[in-house]
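**Q**
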């Protein structure tokens, strides 16, 4: 049987893959590792693309590549463009913060959304990616980046029969290195392991190798030897693949390896019809497989719309999935098939499609986000919704020089380095019209989320403010070594401090568990603050430590219903004990040193006597996620904090 003949079992595998992904995204508790269906897709893609290229080998390189890309463009781009335009319009209307979704859509159109999402995951300002309507396009980015290089490699190494072993050896070598990188990165850099092509190449490579060896004599002999047991083997492998989807979602790289290995075996053995399970080749399975691309495109946006509109029609995952299925059927028959099998008369037609689509999507994403997002929300949102998400005070502050707080005043291990001008740009000196002291704020993202408060004090009282946060790095450090840029910043600003100034410190105190518990290093941190306070007291500089705010259970404030925030409230009793433990450590530290002051947040934001802590105040959200304020939220504290400075800190330093 020809390897390029239609394989109904491949469509059946696509059905298994897409259904596992959809169920996992809608009901994670039901199918914890269903997301491994994407790994199945990668193997299938490698197999199908290799066979497609093999059917056209012998052509000149230019024609070979042009033919390949024309088919890929017609296969993928129209359905994606339709989904992006339709979904993008809904995102602009219903999502409180649409910019991330729309920028991801633009990147998806040019095949690099996985790289964009990788950067977003490293950025705590980005919010939870589950609210990004185009997060799922990361897998398309991986495949499209593979498509850029593999056809050239195939043409060079597989163009003649005497060279075919070279392609197999090359892909096998690359796949081994890629798998090793994936296993290592899964532990050391899991975000990179998830999103980046070099760590996913081995899965596509498995499909390539399946195509290369499926027709080999040894494999044919093996299939013949196993023919008697074909029903047991085919159903056993399929059962094994489904079982992998039920593994815990933290099972590690071995679950990915298992899914890829089983899929590869099913594909290789399935060349012989006797090894094709009826479960995979029946009409229902093959139809779902045919619409699997469109279903994959549409399922995530509908589920996301349910998340950003709690209580809305799509907040029930089953309804969202049903709507996605309807959209997928329409997309497959009216968009996907129409363009995929259209007889293009010239390369210019395809070039026009690509150029017009990309230009349109980028224009829609950037233009509507920048100019029309607010007005569209005002048109479709109720006043209560607009007020709850605090438009426009929710936005991050812009520094006096016009730079955005992020990324200018955020220094991390990735894309936001410490530059020569960072300290100057992120230090606003006293204005001379009120308080002449400066607050030098240092620490992880939990000092950074106070920017609304600090810049508000600068605006209200003329107080000097310095704020550069180092996400993931506390100050003082409790590690054996301090994060280099943080130490460099501190060494610089020590020379700028003057008597009467204040160092402001904060951090993440509680583990994000349910219920939360304090980090074990809080006591060590307070010991190191005492050492810092001794050194600063000699300069006439005080230290303020900001205590923990309430910690909620949601990952992103958009999970909360505007009309009924009860789904985001948390019993005060759940937080009282762990936060009291932190306060005890902080207050004991302050009792040992006259220049250390503690500003407690918990009682100010969740008053004693109330049963439930709320992320809203007067109908407006104060948080962007479970334990970070938005700019509006921290700005609400400036009255209390101003009085605290005047009556406690500055009064004591006289």
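Numbering (the working numbering), first residue to last: 4 to 657.
Even glycine gets a Cβ: it sits at the ideal position worked out from N, Cα and C.
Fair warning: this is a prediction, and the values are worked out from it, not measured in the lab.
(1) Measure how close the beta-carbons of residue 262 and residue 43 come, nearest whole angstrom, since I'm counting them as under 8 Å.
(2) Within the continuous beta strand (DSSP E) that includes residue 428, where are the two ends?
(3) Which of helix, strand or coil does DSSP assign to residue 600?
(4) Going by DSSP in three states, residue 374 sits in which element: helix, strand or coil?
(5) What ranges does the alpha helix (DSSP H) occupy inside the stretch 194-272, keeping only unbroken runs of at least 4 residues that lie completely in it?
(6) Need the endpoints of the beta strand (DSSP E) that residue 545 sits in, please.
(7) According to DSSP, which residues form a beta bridge with residue 573?
(8) Exposed or buried, which one is residue 176 when buried takes at least 16 other CB atoms within 10 Å?
(9) Let me confirm a value: residue 660 is counted as buried when at least 16 other C-beta atoms fall within 10 Å, else exposed. Which label applies?
(10) I'd like to confirm the pairing. Which residues does DSSP put opposite residue 446 in its beta bridges?
(11) Let's see if you can read the secondary structure: which residues bound the alpha helix (DSSP H) around residue 15?
(12) In angstroms, rounded to a whole number, what distance separates the CA positions of residue 329 and residue 118?
(13) Please classify residue 562 as buried or exposed, where buried requires at least 16 neighbouring CB atoms within 10 angstroms.
(14) Taking buried to mean at least 16 other C-beta atoms within 10 Å of its own C-beta, is residue 375 buried or exposed?
(15) Alpha carbons only, please: which of 588, 473, 648, 497 is nearest the one belonging to residue 486?
(16) Is the CB-CB distance between residue 588 and residue 526 below 8 Å?
(17) Return the CA-CA distance between residue 183 and residue 433, expressed in angstroms with no decimal places.
(18) Name the one or two DSSP bridge partners that residue 289 has.
(19) My output table needs one value for residue 113: the three-state DSSP class, helix, strand or coil.
(20) Can you say whether residue 231 is buried or exposed, counting buried as having 16 or more other CB atoms within 10 angstroms of its CB?
(21) Using 8 Å as the cut-off, can you tell me whether the stretch 131-146 makes contact with the stretch 79-91, which would need three or more C-beta pairs spanning the two stretches below that distance?
(22) According to DSSP, is residue 299 helix, strand or coil?
(23) If you draw a straight line from the alpha carbon of residue 497 to that of residue 586, how long is it in whole angstroms?
(24) According to DSSP, is residue 623 helix, strand or coil?
(25) Thinking C-alpha only, which one of 338, 633, 415 is nearest residue 81?
(26) One question on the structure: do residue 273 and residue 10 come within less than 8 Å of each other, judged by their Cβ atoms?
(27) Using a Cβ-Cβ cut-off of 6 Å (strictly less than) and excluding sequence neighbours within five positions of residue 518, which residues of its own chain qualify?
(28) Can you give me the start and stop residues for the alpha helix (DSSP H) that residue 455 sits inside?
(29) Thinking C-alpha only, which one of 335, 227, 492, 342 is nearest residue 413?
(30) Quick check on DSSP: helix, strand or coil for residue 329?
(31) Please confirm whether residue 392 and residue 99 have their CB atoms less than 8 Å apart.
(32) Considering only their Cβ atoms, is the gap separating residue 549 from residue 506 smaller than 8 Å?
(33) Evaluate residue 435 with the Cβ neighbour count: other Cβ atoms within 10 Å of its Cβ, from every protein chain shown; 16 or more gives buried, anything less gives exposed.
(34) Taking 7 Å as the cut-off, does the CB of residue 203 come closer than this to any heavy atom belonging to the ligand MG?
(35) Check for me: the alpha helix (DSSP H) holding residue 526 runs from which residue to which?
(36) Are the stretch 278-295 and the stretch 16-27 touching, with three or more C-beta to C-beta distances below 8 Å?
**A** Result, derived from the coordinates:
(1) 6 Å
(2) Element bounds for residue 428: not the beta strand (DSSP E) but the alpha helix (DSSP H), 425-428.
(3) strand
(4) Its pLDDT being 41, under 50, residue 374 is placed unreliably in this model, and the value from its coordinates should be taken loosely. Correct three-state label for residue 374: helix.
(5) 204-216, 220-229, 233-248, 256-272
(6) 545-549
(7) 616
(8) exposed
(9) Because the chain here runs from 4 to 657, residue 660 falls outside it and cannot be looked at.
(10) 472, 509
(11) 11-29
(12) 30 Å
(13) buried
(14) Confidence at residue 375 is low in this model, with a pLDDT of 49, below 50, so the placement of that residue should be treated as unreliable; the coordinate-derived value is given next. Classification for residue 375: exposed.
(15) 473
(16) yes
(17) 54 Å
(18) DSSP lists no partner for residue 289.
(19) coil
(20) exposed
(21) yes
(22) helix
(23) 28 Å
(24) strand
(25) 338
(26) yes
(27) 577
(28) 454-464
(29) 492
(30) helix
(31) yes
(32) no
(33) exposed
(34) Absence of the ligand MG is noted for the structure shown, with no ligands found whatsoever.
(35) 525-540
(36) yes
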